[in-house]
Every structure is written in C-alpha cells, then in structure tokens.
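A.B. asks: Just dropping this structure here.
Numbering (this note's numbering), first residue to last: 6 to 451.
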C-alpha cells in the first residue's frame with residue numbers, strides 16, 4: 006500500500022514521491038481523526054469471573070477469559086452492545102468509559118444464538134455514541150478499524166481490510182454470516198466494534214481462529230441492529246419458525262433430484278402441525294428463495310427465517326418434482342427442544358441386505374416404543390464395505406422413504422428394492438437422533 010501511494014504515474018521520481026507522501030500524510034491524518042472520534046464510544050466491560058458463564062467456547066476459535074471484553078456505545082442515553090460471552094450470566098457488569106469513569110451496567114438482554122448482548126448504564130451526562138452502518142454495503146477490500154481492549158490495553162486501534170463476507174459454518178454461533186477481517190483482533194477485543202472509514206459500526210468483533218494470523222470475525226451490523234432492537238425493547242429475541250428440517254443440496258442429491266447443485270436448500274423433514282406442514286411443504290421439496298431472496302445454504306435459510314417475526318407471512322419458492330411453485334406461509338415462533346430416537350433388536354430382509362448391505366427390522370414391540378410415533382424401518386446392522394456404509398448409514402438409523410416413497414415395513418422396503426436394478430442410485434430419507442435427512446446410496450452391482 007505504501008509503494009502504491011508513493012507512486013504517481015506520469016511524474017518524475019522525486020515529484021511522484023513528494024505527491025505520494027502528501028497523499029499518505031492526508032490518509033494518515035484522516036485515520037487519526039477517525040480514531041479520535043470513535044474512541045470515546047468504546048468501553049471496557051468486566052465482571053466477576055467467579056460467576057458461571059453460559060457462553061460456549063467453540064472449537065477452533067479463541068476468546069478471552071470470561072469476564073473481560075469490550076463494548077460499543079450505540080445510544081447517548083447509555084445503551085452498549087457487546088458479546089453474550091462477555092457478560093455471561095451476570096445481571097450487572099462493570100463498565101469503564103473512555104475518561105476512566107466506572108459505571109455499573111445492567112444487562113438488559115442477551116442472545117446466545119447470535120453471541121450478542123445489550124448493557125445499559127445511567128450516565129450523568131450524555132455519552133458519545135457511534136451509529137450502526139449498513140453491512141449490506143460492505144465490500145471485500147475496503148479499509149476497516151477494529152477498536153477494543155485486547156489484553157487489558159485500553160482503546161487499542163488496528164487497521165485492516167475486509168477479507169471476506171458471509172462466512173458460515175465456523176462453529177462460533179448458531180446464526181453465522183460473519184465479516185472476516187485481517188485487522189488485528191485479540192483476546193479482550195470481543196464485543197468491540199469494527200468501523201468503516203465513515204465512523205459507522207459495520208460489525209461487532211466476536212472471535213478469532215486459533216493459531217492463525219490475521220483472521221478475525223465480526224457479526225454484521227444489520228444483524229446487530231435487528232437483535233439489539235429486540236433486546237432493548239423486549240429483553241429477549243423472538244424468531245420466526247417454519248417447522249422443517251433442512252440440509253445442503255450436494256452434487257449427488259442435486260443430480261438425483263434433477264436440479265443444479267446449490268440451486269436451493271433441501272427439505273428433509275416437515276413437522277406435523279407446524280407452519281411448513283400447514284402450508285403444504287413436503288420432504289424432498291427444494292426451497293430456492295424467501296420473499297424473492299435466493300437461499301443457497303441451510304444457514305442462509307435459517308438466518309432469513311430467524312430474522313422474521315412470528316405471524317409474518319412469507320412467500321417461499323420451491324421446486325417439487327422438477328416443477329417450480331410458491332407457497333405463502335405464516336411463520337410460527339421458534340422454540341427450543343427436539344425429539345431424539347434410539348434403537349435395539351434385529352431381523353433380516355435378504356434382498357435388502359444383498360443390495361444395500363443393511364440388516365433391518367420392523368417397528369414392533371419395544372422398538373416401536375423407542376421410536377414413538379415414527380414410521381419406517383429400523384437399521385439394525387450395517388455391513389462393512391457395503392453400499393450402506395459408503396453412504397454413511399449407521400446402526401440405529403430409521404429408513405423412512407426410498408425414492409420419495411414412504412416405507413413402513415421391511416416387506417415394503419424389500420418390494421421397493423425388487424424394482425431397482427443393481428448399480429442404481431436410490432434416494433433414501435433417513436431419521437437419526439430425531440433429525441431427518443436425505444442420502445444417495447448406490448445399490449450393489451450384480
């Protein structure tokens with residue numbers, strides 16, 4: 006960057022260097038002004054480390070010890086946004102302002118699923134606050150400033166660029182669409198803001214990758230705005246709910262279902278009585294968009310629906326049996342909890358075992374009791390080096406469908422297999438630990 010700024014095409018070396026130096030000095034002055042302007046809006050947050058923390062430390066990420074972190078003042082009346090793992094289960098925290106004033110902060114609400122929390126202080130005079138920007142306008146390569154209190158070093162400012170957008174599957178929070186930056190983020194930066202050059206908060210820093218240099222993640226400001234508004238107003242976060250199970254549409258599944266890979270998200274389960282069921286969604290449907298916005302991954306769909314409110318009507322575009330259609334669905338309220346399944350006993354279905362490499366059993370007696378209200382055929386054993394093993398089937402799985410046809414007994418499954426030629430790809434819908442998913446299995450040759 007330095008060489009780029011010092012070189013001005015069409016000028017001599019000396020004049021180019023002088024002109025470049027002036028540009029560099031102007032840029033430096035702008036950064037100094039920006040740092041001085043935003044620093045008063047940054048706070049240090051600490052709490053009694055003997056308190057139990059509910060924040061989980063995801064594998065592959067590094068966070069400071071529970072009880073210390075940063076925060077950003079987003080309202081001159083004293084509302085502060087930080088990370089949930091910084092405040093933990095505390096009802097109150099210690100807040101130290103820019104001028105070293107210490108205040109008691111009340112935790113008005115927290116959301117573990119997004120790792121965000123809001124703290125309220127009661128200042129004697131209005132505080133300096135910084136606005137939340139529009140993270141949808143953030144672009145890879147733009148300059149950013151990260152500000153926080155790493156290792157207890159108050160108001161540390163680092164400069165970097167946006168390295169990536171929409172980072173998912175980091176195992177940091179439930180809803181992930183992170184901004185990735187190479188601006189230095191260290192333990193103690195958690196909860197601190199990521200600024201654009203206008204002084205707008207475009208993200209809240211939440212984690213770094215262990216043993217990696219220059220890889221930090223920030224929660225985008227549009228999500229921060231949505232979550233903090235609910236926390237300030239209600240003290241909790243309410244999310245929309247479709248009542249379906251979903252999975253990634255990989256190459257094999259896309260080919261079997263006659264669509265392009267990444268064309269949407271596969272519906273693996275529909276829970277009876279929930280909004281998706283009532284609106285007519287079915288397992289095997291492929292959701293391609295929500296209210297006109299394309300969804301490419303399960304995380305995309307989860308974030309989109311979670312950002313809506315119960316009773317809101319959404320238009321879902323789907324592909325079913327290679328035909329496109331839309332459904333209007335009134336969302337429910339997302340609740341915690343899920344059903345689980347377990348297994349035992351054994352039986353055999355010879356043709357099924359020969360073609361798939363699994364031993365199966367009907368859901369009778371104790372087995373029916375353990376699977377409760379489910380229907381299907383239980384997998385009792387998976388043969389080594391078999392098609393079933395290659396496809397990832399396990400003992401205890403429940404086969405519910407084959408090529409989108411329900412099976413309720415080993416006889417039905419065996420009959421269906423009789424019509425399938427050796428070496429054919431079949432689409433199985435399987436239930437495991439209360440979660441349904443699709444898998445492609447190629448039957449044995451010969």
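Where is the CB? At the ideal position from N, CA and C, for every residue including glycine.
Because the structure is a prediction, the values reported are computed rather than measured.
(1) Run the CB neighbour count on residue 123, radius 10 Å, all protein chains shown included, and call it buried at 16 or more, exposed below.
(2) Is residue 410 near the ligand NAP, going by C-beta to nearest heavy atom under 8 Å?
(3) Kindly indicate the opening and closing residues of the alpha helix (DSSP H) around residue 229.
(4) Measure from the alpha carbon of residue 174 to the alpha carbon of each residue in 401, 311, 307, then state which is nearest.
(5) Between the Cα of residue 114 and the Cα atoms of 256, 89, 273, which residue gives the shortest distance?
(6) Following the continuous beta strand (DSSP E) through residue 171, name the residue where it begins and the one where it ends.
(7) So if DSSP puts residue 103 in a beta bridge, which residue, or which two residues, is it bridged to?
(8) Taking its Cβ as the centre, do 16 or more other Cβ atoms sit within 10 Å of residue 52, making it buried, or is it exposed?
(9) Going by DSSP, what residues sit across from residue 121 in a beta bridge?
(10) DSSP three-state label for residue 448, please.
(11) How far does the alpha helix (DSSP H) with residue 281 in it extend, from its first residue to its last?
(12) Around the Cβ of residue 178, are there at least 16 other Cβ atoms within 10 angstroms (buried) or fewer (exposed)?
(13) Near residue 227, which residues of its chain fall below 7 Å by C-beta distance, leaving aside the five closest residues on each side in sequence?
(14) Please check the pair residue 291 and residue 324, which I expect to be a contact at CB under 8 Å, by giving their CB distance rounded to whole angstroms.
(15) Can you find the residues in the same chain that come closer than 7 Å, C-beta to C-beta, to residue 445, ignoring five residues on each side of it along the sequence?
(16) Do residue 428 and residue 403 have their CB atoms nearer than 9 Å?
(17) Could you give the residue range of the beta strand (DSSP E) that holds residue 455?
(18) Assuming residue 196 contacts residue 87 (C-beta within less than 8 Å), just tell me the rounded distance between them.
(19) Ends of the alpha helix (DSSP H) at residue 308?
(20) Evaluate residue 266 with the Cβ neighbour count: other Cβ atoms within 10 Å of its Cβ, from every protein chain shown; 16 or more gives buried, anything less gives exposed.
(21) Output the distance between the C-alpha atoms of residue 311 and residue 270, rounded to the nearest integer angstrom.
(22) In terms of DSSP beta bridges, what is residue 271 paired with?
(23) In angstroms, rounded to a whole number, what distance separates the CA positions of residue 83 and residue 240?
(24) Since residue 198 is in the alpha helix (DSSP H), which residue starts that stretch and which ends it?
(25) If you draw a straight line from the alpha carbon of residue 149 to that of residue 165, how long is it in whole angstroms?
(26) Taking the DSSP output, what are the residues bridged to residue 84?
(27) Near residue 126, what residues of its chain come up, given a Cβ to Cβ distance below 6 Å and the 5 sequence neighbours on each side ignored?
(28) Tell me which same chain residues have a C-beta within less than 8 Å of the C-beta of residue 96, skipping the five on either side of it?
(29) How is the alpha helix (DSSP H) around residue 336 delimited, first residue to last?
(30) Short check: CB of residue 221 to CB of residue 314, under 9 Å?
(31) Who are the Cβ neighbours of residue 147 in its own chain at under 6 Å, not counting the five residues just before and after it?
(32) Would you list the residues sitting across from residue 377 in a DSSP beta bridge?
(33) Could you work out which residue in 130, 237, 192, 379 is closest to residue 275 when comparing CA atoms only?
(34) What are the boundary residues of the beta strand (DSSP E) that residue 75 is part of?
(35) Under the assumption that residue 184 contacts residue 225 (Cβ atoms under 8 Å), give the Cβ distance between them as a whole number of angstroms.
(36) Residue 77 and residue 31: beta carbons closer than 9 Å?
C.D. replies: According to the structure data:
(1) On the chain shown, position 118 is the one that residue 123 refers to. The residue is buried, with at least 16 neighbouring Cβ atoms inside 10 Å.
(2) Of ligands this structure carries none, so the ligand NAP is not represented either.
(3) Within the chain shown, the letter at position 224 stands for residue 229. Residues 226–239.
(4) Mapped onto the chain shown, residue 174 falls at position 169. For the residues 401, 311, 307, the minimum Cα distance to residue 174 belongs to 307.
(5) Reading the chain shown from its first residue, position 109 is the one you call residue 114. Nearest C-alpha to residue 114: 89.
(6) Indexing the chain shown from 1 puts residue 171 at position 166. Start and end: 161–172.
(7) The residue you call residue 103 lines up with position 98 of the chain shown. Paired residue(s): none; residue 103 is not in a bridge.
(8) For the purposes of this step, residue 52 is taken as residue 47 along the chain shown, with counting starting at 1. Residue 52 comes out buried.
(9) Taking the first residue of the chain shown as position 1, residue 121 is located at position 116. Looking at the DSSP assignment, residue 121 forms a beta bridge with 116.
(10) Counting from 1 along the chain shown, the entry for residue 448 is found at position 443. In the structure shown, residue 448 sits in coil (DSSP, three-state: anything other than H, G, I, E or B).
(11) Residue numbering aside, residue 281 sits at position 276 when the chain shown is read from its first letter. Counting along the chain, the alpha helix (DSSP H) containing residue 281 begins and ends at 280–284.
(12) In the chain shown, the residue the question calls residue 178 occupies position 173. Buried, by the Cβ-count rule.
(13) Counting from 1 along the chain shown, the entry for residue 227 is found at position 222. Correct list, in chain order: 139, 140, 141.
(14) Looking up residue 291 in the chain shown gives position 286. Looking up residue 324 in the chain shown gives position 319. The Cβ separation is near 4 Å, so the contact holds.
(15) Taking the first residue of the chain shown as position 1, residue 445 is located at position 440. So the qualifying residues of the chain are 257, 258, 261, 396, 430, 432.
(16) Start at 1 with the first residue of the chain shown, and residue 428 comes out as number 423. Start at 1 with the first residue of the chain shown, and residue 403 comes out as number 398. It is not a contact, given that the beta carbons lie outside the stated cut-off.
(17) With the chain covering 6 to 451 only, the question about residue 455 has no answer from this structure.
(18) By 1-based counting over the chain shown, the position of residue 196 is 191. By 1-based counting over the chain shown, the position of residue 87 is 82. Residue 196 to residue 87, Cβ: 3 Å. Contact.
(19) To locate residue 308, count along the chain shown from 1; it is residue 303. Start and end: 303–311.
(20) Stepping through the chain shown from its first residue, residue 266 is reached at position 261. Result: exposed.
(21) Mapped onto the chain shown, residue 311 falls at position 306. Mapped onto the chain shown, residue 270 falls at position 265. Taking the straight line from one Cα to the other gives about 16 Å.
(22) Position 266 of the chain shown holds residue 271. Bridge partners of residue 271: 252, 291.
(23) Sequence index remark: in the chain shown, residue 83 carries index 78 (1-based). Sequence index remark: in the chain shown, residue 240 carries index 235 (1-based). Residue 83 and residue 240: Cα-Cα distance of roughly 16 Å.
(24) Position 193 of the chain shown, counting from 1, holds the residue named residue 198. Element bounds for residue 198: not the alpha helix (DSSP H) but the beta strand (DSSP E), 198–200.
(25) Here residue 149 refers to the residue found at position 144 when the chain shown is read from its first residue. Here residue 165 refers to the residue found at position 160 when the chain shown is read from its first residue. Approximately 5 Å, taken between the alpha carbons.
(26) By 1-based counting over the chain shown, the position of residue 84 is 79. 125.
(27) For the purposes of this step, residue 126 is identified with residue 121 of the chain shown, where counting begins at 1. If we look at residue 126 and ignore the five residues flanking it on each side, its Cβ neighbours are 83, 100, 108, 110.
(28) The residue labelled residue 96 in the question sits at position 91 within the chain shown. Within the same chain, residue 96 has close Cβ partners 111, 112.
(29) Position 331 of the chain shown, counted from the first residue, corresponds to residue 336. Segment: none, residue 336 is in no alpha helix (DSSP H) and carries neither H nor E.
(30) Your numbering for residue 221 matches position 216 in the chain shown. Your numbering for residue 314 matches position 309 in the chain shown. Not a contact, by the Cβ cut-off of 9 Å.
(31) Counted from its first residue, the chain shown places residue 147 at position 142. Excluding sequence neighbours, residue 147 sits near 167.
(32) In the chain shown, residue 377 corresponds to position 372, counting from 1. BP columns for residue 377 are empty, so no partner.
(33) Stepping through the chain shown from its first residue, residue 275 is reached at position 270. Per the Cα distances, 379.
(34) In the chain shown, the residue the question calls residue 75 occupies position 70. Residue 75 -> beta strand (DSSP E) spans 73–78.
(35) On the chain shown, residue 184 is found 179 positions in, with the first residue counted as 1. On the chain shown, residue 225 is found 220 positions in, with the first residue counted as 1. Going by Cβ atoms, the distance from residue 184 to residue 225 rounds to 6 Å, so yes, they are a contact pair.
(36) The count along the chain shown starts at 1 and reaches residue 77 at position 72. The count along the chain shown starts at 1 and reaches residue 31 at position 26. No, the pair does not count as a contact, with Cβ atoms beyond the cut-off.
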